[in-house]
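This report concerns only the one structure given below.
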Ligand SMILES: NC(=O)c1ccc[n+]([C@@H]2O[C@H](COP(=O)([O-])OP(=O)(O)OC[C@H]3O[C@@H](n4cnc5c(N)ncnc54)[C@H](O)[C@@H]3O)[C@@H](O)[C@H]2O)c1
Ligand SMILES: [Zn+2]
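In my numbering, the protein residues as written are 769 to 1119.
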């Protein structure tokens, strides 16, 4: 399966079992003959998929260099990027050379940021290996690192020149991360596609994994094409994230993983919408049913005052207003601008 994203730079997304083995062939058509490839990965993924990737690139005539950082969000900071810059310059990388991001969303965000900034920007290929990266973070060109003050506070928009999605890599992904990615998959169904939501709810998703990835990416592609720099429709992708981020933050990123927090955030937001006669009755329960199927938590009893406080500080809030993403029903979402008072009114029903 193949998709083309038409943003400031057009690029293709290939979804195909085993396509990692062919990265060399794909890269040949896009990049300079004999140029250097810098594979950036993490300490879990490089030992599993590094050799296949490197061998294919070498067979196509590229010179290959590898770099792995310790796996985990804790590595997603400027120190790690600086190390990448050092390796790139020590090995004489120029603007004719390129980076390959091989791993989950942490790898993709950081390799993308290094590619966006080294020599003011070099090309990069995404090979996402976690479900979250395959359905979400590898497409759209957002790159970032965290600061001690918050997640993803430093970054840029830099589109990859190719995204290679090999669903076979999910066979080695720990189950917890698979569920985590399903939280975001459910989100895509909620905001844009009843059909996708039903597939997630009613079929064995591992049997339909290519279709799942394709549907999610196709939704993200459309949204990103219409709003590359996140000033409008792209905000719909934040459904579940306002409350989700608040929960993650209040629990110091320990109790709930991102996908779990987003799942709970979606169920809560749908509930708020139902009570305010904005969202169709029963929507929250449907979301919870889907969450349950993928072993994701369905609710959290955190004090609404704490959620309000954290939501007001969210980086997604603009000039005192908060852009909430709400559903009319599954598959139909919209942006609702509220001030703090408006948010309070909506969320108080959860008390
Ligand atoms: N750029 C965007 O648009 C965007 C969107 C959503 C999330 N993100 C970012 O993505 C990150 C989360 O991504 P993630 O959940 O993929 O985290 P991650 O990259 O840390 O991967 C999760 C874990 O799975 C391991 N792993 C990945 N693929 C594997 C495989 N095939 N086999 C075995 N182990 C594997 C990793 O080593 C890691 O331990 C966050 O930093 C978030 O901010 C970015
Ligand atoms: Zn998310």
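Backbone N, C-alpha and C fix where the C-beta goes; we use that ideal spot for every residue, glycine too.
A quick note: this is a predicted structure, and the numbers were derived from the prediction, not measured.
query	result
Work out the CA separation of residue 907 and residue 1019 for me, nearest whole Å.	29 Å
My understanding is that residue 982 touches residue 769, with C-beta atoms under 8 Å, so please give their C-beta distance in whole angstroms.	5 Å
Give me the Cα-Cα distance between residue 1089 and residue 1109, rounded to the nearest whole angstrom.	10 Å
For my contact list, residue 886 and residue 856 are in at a C-beta cut-off of 8 Å; report their separation, rounded to the angstrom.	5 Å
Looking at the unbroken alpha helix (DSSP H) that takes in residue 1051, where does it start and where does it end?	1051–1061
Just to confirm, is the Cβ distance from residue 1040 to residue 1117 under 8 Å?	yes
List the DSSP bridge partners of residue 896.	871
Distance, Cα to Cα, residue 841 vs residue 848?	11 Å
When every heavy atom of ligand 2 is checked, does at least one fall within less than 7 Å of the C-beta of residue 1030?	yes
Residue 1011 and residue 1033 - do their beta-carbons sit closer together than 8 Å?	yes
Is any heavy atom in ligand 2 found nearer than 7 Å to the beta carbon of residue 1097?	no
Got a sec: does ligand 1 put a non-hydrogen atom nearer than 7 Å to the Cβ of residue 942?	yes
Give a single yes or no on whether residue 952 has its beta carbon closer than 7 Å to a heavy atom of ligand 2.	yes
Where does residue 949 sit, in a helix, a strand or coil, going by DSSP?	helix
Within 10 angstroms of its Cβ, does residue 1026 collect 16 or more other Cβ (buried), or is it exposed?	buried
Helix, strand or coil: how does DSSP classify residue 857 here?	helix
What is the residue span of the beta strand (DSSP E) that residue 778 lies within?	778–783
Whole angstroms are fine: how far does the CA of residue 1070 sit from the CA of residue 838?	32 Å
Looking at the secondary structure, which residues open and close the beta strand (DSSP E) in which residue 911 lies?	910–915
When you measure from the CB of residue 872 to every non-hydrogen atom of ligand 1, does any distance come out below 7 Å?	yes
Mind reading off the beta-carbon distance from residue 897 to residue 813? Whole number of angstroms is fine, and I expect it under 8 Å.	6 Å
For the alpha helix (DSSP H) containing residue 1035, name the first residue and the last one.	1026–1043
Ligand 2 heavy atoms versus the CB of residue 1026: any closer than 7 Å?	yes
In this structure, does DSSP put residue 1047 in helix, strand or coil?	coil
Just verifying my parser: in three-state terms, what is the DSSP assignment at residue 992?	helix
Does residue 875 pass the burial test, meaning 16 or more other C-beta atoms within 10 Å, or should it be called exposed?	buried
Alpha carbon to alpha carbon, what distance is there between residue 958 and residue 1054?	10 Å
What separation, rounded to the nearest whole angstrom, lies between the Cα atoms of residue 1036 and residue 979?	28 Å
Mapping DSSP to helix, strand and coil, what is residue 771?	strand
From this set, 782, 878 and 1105, which residue's C-alpha is nearest residue 903's C-alpha?	782
Where does residue 1070 sit, in a helix, a strand or coil, going by DSSP?	coil
Residue 926: beta carbon under 7 Å from a heavy atom of ligand 2?	no
Are the C-beta atoms of residue 954 and some chain B residue less than 8 Å apart?	Among the protein chains of the structure shown there is no chain B, as only one such chain exists.
Going by DSSP in three states, residue 905 sits in which element: helix, strand or coil?	helix
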